[in-house]
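A.B. asks: Below is the structure I would like to discuss, written out as structure tokens.
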């Protein structure tokens with residue numbers, strides 16, 4: 003188990019979560035879109051939420067401003083979080099303007115709010131687990147899609163809840179976070195997604 007736990011920190015790294023959410027969404031809705039539309043959105047998400055942030059990390063590392071991909075130091079998180087928030091704004095304002103995908107739009111809007119909340123906490127010298135922010139937002143998104151399309155994803159939802167537990171245990175085992183930081187991560191990841199239900203999910207039910 004000790005060897006397995008660190009795997010969850012990498013498998014559910016915050017940078018990979020938007021890609022997982024996008025893949026899940028188009029797996030469910032692929033019959034409603036042309037294939038080239040799916041590729042277009044996926045490539046944009048991959049570039050803006052994974053490739054560019056990774057490039058920034060290596061730049062910061064070369065400048066001595068980042069020591070680890072997990073960004074354990076609070077000060078190290080400020081610039082990456084701010085940069086990531088800008089990339090999410092670009093994604094929301096331009097990438098989704100071509101194709102109307104409201105479910106993904108509100109998911110990424112929730113992710114933007116979560117990112118800004120995490121940045122705000124850093125400014126007040128508090129740290130939320132970004133791993134828990136990511137995995138929690140993904141779990142809520144799966145629940146949202148299940149309700150929106152009235153498809154039972156009980157096993158998948160249970161799987162992600164278990165993954166949340168393993169990811170939290172992984173971060174605690176690595177001594178990367180305290181229990182309060184894990185809790186903050188869950189709240190920061192969940193509340194924006196649930197709050198945005200009012201605009202897209204509740205009217206459809």
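In our numbering, the protein residues as written are 3 to 207. Virtual Cβ for every residue (Gly too), placed ideally from N, Cα, C.
#1: Residue 141 and residue 163 look like a contact to me (Cβ under 8 Å); what is the Cβ gap, rounded to whole Å?
#2: Is the beta carbon of residue 22 closer than 8 Å to that of residue 55?
#3: Are the region 87-99 and the region 186-204 touching, with three or more C-beta to C-beta distances below 8 Å?
#4: If distances are taken between C-alpha atoms only, which option among 11, 45 and 199 comes closest to residue 108?
#5: Is residue 162 helix, strand or coil when you go by DSSP?
#6: Can you find the residues in the same chain that come closer than 7 Å, C-beta to C-beta, to residue 172, ignoring five residues on each side of it along the sequence?
#7: Closest to residue 89 by C-alpha separation, out of 60, 64, 47 and 65, would be which residue?
#8: Tell whether a beta-carbon distance below 8 Å holds between residue 146 and residue 159.
#9: From this set, 154, 161 and 152, which residue's C-alpha is nearest residue 137's C-alpha?
#10: Could you tell me which uninterrupted alpha helix (DSSP H) segments, each at least 4 residues in length, are contained entirely in the region 122-193, listed from first to last along the chain?
#11: When burial is assigned at 16 or more other CB atoms within 10 Å of the CB, is residue 129 buried or exposed?
#12: Going by beta carbon distance, what residues of the same chain come within less than 7 Å of residue 188, once the five residues before and after it are set aside?
#13: Using the three-state DSSP reduction, which class does residue 67 fall into: helix, strand or coil?
#14: Could you compute how far the alpha carbon of residue 170 sits from the alpha carbon of residue 203?
#15: Quick one: grab the DSSP three-state call for residue 44.
#16: Roughly how many whole angstroms lie between the Cα atoms of residue 58 and residue 43?
#17: Using DSSP with H/G/I as helix, E/B as strand and the rest coil, what is residue 96?
#18: Tell me which residue opens and which closes the alpha helix (DSSP H) that residue 25 is part of.
#19: Closest to residue 30 by CA distance: which of 207, 180, 155 and 177 is it?
#20: Assign residue 14 to one of three DSSP states: helix, strand, or coil.
C.D. replies: Looking at the atomic coordinates:
#1: 6 Å
#2: In this structure, residue 55 keeps its C-beta atom at 8 Å or more from the C-beta atom of residue 22.
#3: Taking a cut-off of 8 Å on C-beta distances, the region 87-99 does not touch the region 186-204, as fewer than three cross pairs fall below it.
#4: Ranking the options by Cα distance to residue 108, first place goes to 199.
#5: Per DSSP, reduced to three states, the secondary structure at residue 162 is helical.
#6: Within the same chain, Cβ atoms closer than 7 Å to the Cβ of residue 172 are found at 7, 8, 10 and 11, the five residues on either side in sequence being excluded.
#7: The residue from 60, 64, 47 and 65 with its alpha-carbon nearest to that of residue 89 is 47.
#8: Cβ distance not < 8 Å, so residue 146 and residue 159 don't count as in contact.
#9: 161
#10: 132-150 and 156-175
#11: buried
#12: Apart from sequence neighbours up to five positions away, the residues of its chain that approach residue 188 with a beta-carbon distance below 7 Å are 134 and 138, ordered along the chain.
#13: Three-state result, residue 67: coil.
#14: 28 Å
#15: helix
#16: 22 Å
#17: coil
#18: Here the alpha helix (DSSP H) through residue 25 covers 19-31.
#19: Minimum Cα distance to residue 30 is reached at 155.
#20: coil
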